Structures are given as structure tokens and as C-alpha cells.
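Student: So that we are looking at the same thing, I have put the structure below in C-alpha cells.
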Amino acid sequence: ATMIDSVRYLVENWEVIGNGLLYKFKDQRFLLAALKGLRNGLVWSPYSCAARSGYGVLVWRGNLLTILRLTKTHAVNLAKFVFSYKFLQGALTEVDGKKKPWHSAAAAFVMGYYVFGENNAVNMQINLYLLSRVVVGLTKLAANEEIIPQPNFPVFPWFAAAVWGLVLWLFEFHPTVLQGSLQKSMTYLYHDSNFWTDIKTFLLRNK
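The opening residue of the sequence shown carries number 1 in full-length UniProt numbering; numbering runs sequentially from there.
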């Protein structure tokens, strides 16, 4: 009975207790901000998975038409690129008499400009996705070709450290250079967690 009474008391008075704790630790605001950041991180991850398509566009409230339109744009662009790239690469090979490495680069360069060169949400996501793979791939190639020394230590932790260090530096001091969807998510995670008025806006809702 004592435990049941305690639980009932907590349920009935959680706002008063929560607000009291916030007041008690008001001088440790950085700690409270970190705790709200923890809360925002837990909330944002499932929300972003459920509310966003592969292109970073809001899907909330059944925005199926947007998804279909973006999927169509992606599919059409990819089909156009593959066809034109293969055709141009094959034509260059026919002219030269054999396949050469520059054929692939030239064909993809030209068709990348014409097919994926328009600055829209779909193309931005595709190009950024490829850019990260290209940078990592070129680094590995440089190591394999002994242009740079092969590392004798785990590289990935340092790669992660550099990525996160740079992105948070950009966000805190030069946020406008970052992509809009990234700005929005990082604002929710790192800036909105600095603000609350009571236990409800600390735990249950962002603002």
C-alpha cells in the first residue's frame, strides 16, 4: 500500500516535483540543458525516421503525394543519367577503339551536369550522399597507391571526430552555410535544448 501511495503521489504531483527540481538546480543550467538535449535527441531520432523520406522532406500527416513526386523525380533522373552515361561512355570507347579510364569520368561529368545539376532537394541529397563516398574512396585509393602512407592505427574514430568537430563548429558559428534540413535538426537538438519554462517544456514538449 505504501508503494502504491507513493506512485499515486508522484503521478498526481509530478509537475510540482519537477518544477521544484528545476528550481533547485537552476544554477546548474548547463547540466539541465544537457539533460534536455538528451531528451531532444531521444525524441528527434524516431521522429526524423518516421517524418522524413530519403530526401529529407517532411512526410508528416500522410504527405504521400510529395513522396511519390520525389520518388518519380529520383527515378526519372537516375534513368536518364544511366542511359546517357552508358551511351556516351560506349561512344567514346568506340571512337578510341578501347575502354579508357577517362571515358567514364568524362561521360559522368557531362551527364552529371545536365541531369543532376539543378539545385533541388532530390539532387542535393543524391550529390551529398555520393560526395561522402567519393571523399572516403579517394582517401583509400591514395593509401592503396602509396600516395599517402597507410595508417597503422584505427582511422574511423578520427574520421568521426573530424566530421562531428567540423559540423558543430560550422553550426555554432556559421550555421547559414549548412543545408536547411541539417540546420533545422541541429537547432532542435543543440539550441532548443537551452530553453524551457517549466517541467512540461523540459520533458513533454520542446517549447
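A virtual CB, placed ideally from N, CA and C, is assigned to each residue, including glycine. Model, not experiment: these values are computed from the prediction.
Could you check the C-alpha separation between Q183 and P101 for me, to the nearest Å?
Tutor: Straight-line Cα distance between these residues: approximately 38 Å.
Student: Round the Cβ separation of H74 and L92 to the nearest angstrom and send it over; I've been treating them as touching at under 8 Å.
Tutor: That pair is no contact at about 27 Å.
Student: Taking C-beta to C-beta, are M124 and F81 nearer than 9 Å?
Tutor: The answer is no: Cβ separation not under 9 Å.
Student: Indicate whether L32 and L22 have their beta-carbon atoms separated by less than 9 Å.
Tutor: Yes, the pair counts as a contact, with Cβ atoms nearer than the cut-off.
Student: For F171, count neighbouring C-beta atoms within 10 Å of its own C-beta (all shown protein chains included) and say buried if the count is 16 or more, exposed if not.
Tutor: Per the 10 Å Cβ criterion, buried.
Student: What's the call for N40, buried or exposed, on a 16-neighbour Cβ count within 10 Å?
Tutor: Its Cβ being crowded by 16 or more others within 10 Å, N40 is buried.
Student: Where do the N-terminal and C-terminal ends of the alpha helix (DSSP H) with T71 fall, by residue?
Tutor: Start and end: L64 to D96.
Student: Just to confirm, are L203 and W44 a CB contact at a threshold of 9 Å?
Tutor: Against a cut-off of 9 Å, the Cβ pair of W44 and L203 comes out as no contact.
Student: Helix, strand or coil for V136, going by three-state DSSP, please let me know.
Tutor: It is helical.
Student: Looking at the secondary structure, which residues open and close the alpha helix (DSSP H) in which F109 lies?
Tutor: Run containing F109: P101 to F116, per the alpha helix (DSSP H) assignment.
Student: Which of helix, strand or coil does DSSP assign to T197?
Tutor: Reduced to three states, the DSSP call for T197 is coil.
Student: Near residue 210, which residues of its chain fall below 7 Å by C-beta distance, leaving aside the five closest residues on each side in sequence?
Tutor: Within the shown structure, residues of the chain are numbered from 1 to 207, placing residue 210 beyond reach of any answer.
Student: Here's the rule I'm using: 16 or more other beta-carbon atoms within 10 Å means buried, otherwise exposed. How should D198 be labelled?
Tutor: The residue is exposed, with fewer than 16 neighbouring Cβ atoms inside 10 Å.
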